[in-house]
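A.B. asks: Here the sequence shown stands for residues -8 to 307, where the numbers follow my numbering. Beta carbons are placed, not taken as given, at the ideal position from N, Cα and C, and that holds for glycine.
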Amino acid sequence: MNPPPVGPRSCLSGQAGTDTGVGTAYGTFGELLQGELPEEAGDFLVTLPVARWARASFRCDPAMGDVIVRPSHKEKARRLARLILEEAPGATGGVLTVNSVIPEGKGLASSSADLVATARAVGRALRLDMPPSRIEGLLRLIEPTDGVLYPGIVAFHHRAVRLRAMLGSLPAMSVVGVDEGGAVDTVDFNRIPKPFTPADRREYADLLDRLSGAVRSRDLAEVGRVATRSALMNQPLRYKRLLEPMREICRDAGGLGVAVGHSGTALGVLLDAADPAYPHRATAVARACGDLAGGVAVYRTLSFPNTVSRGGRTVG
């Protein structure tokens, strides 16, 4: 997703014509792991990228002195576009359009995907280089953010908006998911004090080590065990009434584990998409989830074949 070569900025005040930039970003099905490590500013999460996308387009208009966003409730995306325009001397305004198939308020990184797609779109329209490190600095001014600006599965300090480590990629999985209903505001959720004890923080560090190793070795069973444990540990912070029934469905169908939107309302059973028994398992899980909660959605995880694991080492 490299920006086009540097050229005239027709967004600039007094220049004729317009430029349009387009950007995309994927969502996640909650997190494989989220908690707090035994260190200062230790809040972190590990992403679970899925094939649901946000797309933003930004059309520069030198006749406009501000940014118009469509739909109008995407106010955070509008704020971000304004911040980027301030970095381009002489840029004035334009029209930002955000389209997404990621449900909002469910813990699926919808807001983060909107913002990352917006940063890429505005950057392309202005011919501004927009690497992840620059996007991080901009998002830090807006809200706590998921790690969807990086390819692959990453450990990310979402409150500090800082990459911890790139863990790599996994074989294809499916997530058969349900929604408990309602919506959660991520900013409000991240203001809640964490009830975790020192023992909890040590366990989160152990879980992160286990998950990093599981991604390196492509051990989906261990990934499922870590995800399930993280979901259980999150119950005091964001209780999910369907977690135990979903665990039972997972056990009955021979699934890998249960993943949740730690700051949202989504829960899902993880399945190995390459398992010869996958069609049978997926059908059984979908049927049971439908009986449990009504609407069921199936998410395919994203694989990033060119992503290299950095072994859980801190980067950036």
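1) On a Cα-Cα basis, can you pick out the residue from Ala222, Phe49 and Arg229 that is closest to Asp179?
2) Thinking C-alpha only, which one of Ser254, Val260, Ile133 and Val92 is nearest Cys241?
3) Based on Cα-Cα distance, which residue from Ala151, Ala212, Ser101 and Thr11 lies nearest to Leu23?
4) By DSSP, does Tyr290 sit in helix, in strand, or in coil?
5) Can you tell me whether Val37 is helix, strand or coil according to DSSP?
6) By Cβ distance below 8 Å, which residues in the same chain neighbour Leu234 in space, the five residues on each side in sequence not counted?
7) With the cut-off set at 8 Å, would you say Leu117 and Ile126 are in Cβ contact?
8) Report, in whole angstroms, the separation of the C-beta atoms of Gly45 and Thr15, which I expect to be a contact under 8 Å.
9) With a cut-off of 8 Å on the beta carbons, I'd call Lys67 and Ala174 a contact; round off their distance for me.
10) Between Ala79 and Ile93, is the Cβ-Cβ spacing less than 8 Å?
11) Can you give me the C-alpha to C-alpha distance between Glu194 and Phe35, rounded to a whole angstrom?
12) Can you list, in chain order, the residues of its chain whose CB lies under 6 Å from that of Asp57, leaving out five sequence neighbours each side?
C.D. replies: Judging by the given coordinates:
1) Among Ala222, Phe49 and Arg229, the Cα nearest to that of Asp179 is on Arg229.
2) Val260
3) Ala212
4) In the three-state scheme derived from DSSP, where H, G and I count as helix and E and B as strand, Tyr290 is classed as strand.
5) strand
6) Ala222, Leu223, Gln226, Val249, Val251 and Leu258
7) no
8) The residue asked about is misnamed: residue 45 is Ala in this sequence, not Gly. About 7 Å; that satisfies the 8 Å criterion.
9) So it is not a contact: roughly 15 Å between Cβ atoms.
10) Ile93 is positioned such that its CB atom lies no closer than 8 Å to that of Ala79.
11) 13 Å
12) Sequence-distant partners of Asp57 (beyond 5 residues in either direction) whose C-beta falls short of 6 Å from its own C-beta, in its chain, are Gly84.
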